[in-house]
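Student:
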């Protein structure tokens, strides 16, 4: 988020509605992938990936950056990534080790947030690498599902999907390590001037 963005306490904003719709699509995707309706599941994945980009753009252009949006957007991202990973792994679209790698990163950040809270600090500001990693993963998932269909289109989608997935994992972990380093620095200050000042949720 740019420094010039004004954060409001508004609840009903266009970006927040988009993030809420993305949250509501999580159980829809879970049902579709479990029932084998891959075509519709692919549509939901594609729409979700596009909406993640759209809500951030609209928040800045419309001047609708809100505190709720700073929590709702990354929460929707994380939940969607988790459910999508589990659904695709259960269908053998992605390997379980990919699930483990991404869940390990989330576990690391959870511990970090607990440590920060114990020292009086709020969540850290979003890093560009974390957002880029989220984008890459959200674009990788529909491509990998398309690759599972086994056509020539699927072959192309497999290459593109795994390229996005590897970049996504790398950026996701890179951002995670940056957050840990930043948290280590803050904790080392033992109650600096920024303590207790929540900003945005780390992703």
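In this note's numbering, the protein residues as written are 5 to 207. Just so you know, even glycine gets a beta-carbon here, dropped at the ideal spot from N, CA and C. Small disclaimer: the values here were computed from a predicted structure and weren't measured.
Three or more beta-carbon pairs under 8 Å between the segment 55-75 and the segment 165-177, yes or no?
Tutor: Touching, no, given that fewer than three Cβ pairs across the two stretches are closer than 8 Å.
Student: Would you be able to state if there are at least three C-beta pairs under 8 Å between the segment 13-21 and the segment 72-84?
Tutor: Yes: the two stretches touch, three or more of their Cβ pairs being nearer than 8 Å.
Student: Does the beta-carbon of residue 138 have 16 or more other beta-carbons within 10 angstroms, so that it is buried, or is it exposed?
Tutor: buried
Student: Hey, is the segment 79-89 in contact with the segment 27-34, meaning 3+ C-beta pairs nearer than 8 Å?
Tutor: yes
Student: Run through the segment 131-163 for me and flag every whole alpha helix (DSSP H) of 4 or more residues, listed as ranges in chain order.
Tutor: 132-151
Student: Here's a check: name, in chain order, each residue in its chain whose Cβ is nearer than 6 Å to the Cβ of residue 190, leaving out the five neighbours to either side.
Tutor: Hits under 6 Å: 125.
Student: Under a Cβ-count criterion, where at least 16 other Cβ atoms within 10 Å of its own Cβ denotes burial, should residue 118 be classed as buried or exposed?
Tutor: exposed
Student: Using the C-alpha atoms, what's the distance from residue 100 back to residue 155?
Tutor: 24 Å
Student: Check for me: the alpha helix (DSSP H) holding residue 122 runs from which residue to which?
Tutor: Going by DSSP, residue 122 is part of the alpha helix (DSSP H) stretching over 100-122.
Student: Can you list, in chain order, the residues of its chain whose CB lies under 6 Å from that of residue 165, leaving out five sequence neighbours each side?
Tutor: 144, 147, 148 and 151
Student: Can you give me the C-alpha to C-alpha distance between residue 95 and residue 136, rounded to a whole angstrom?
Tutor: 26 Å
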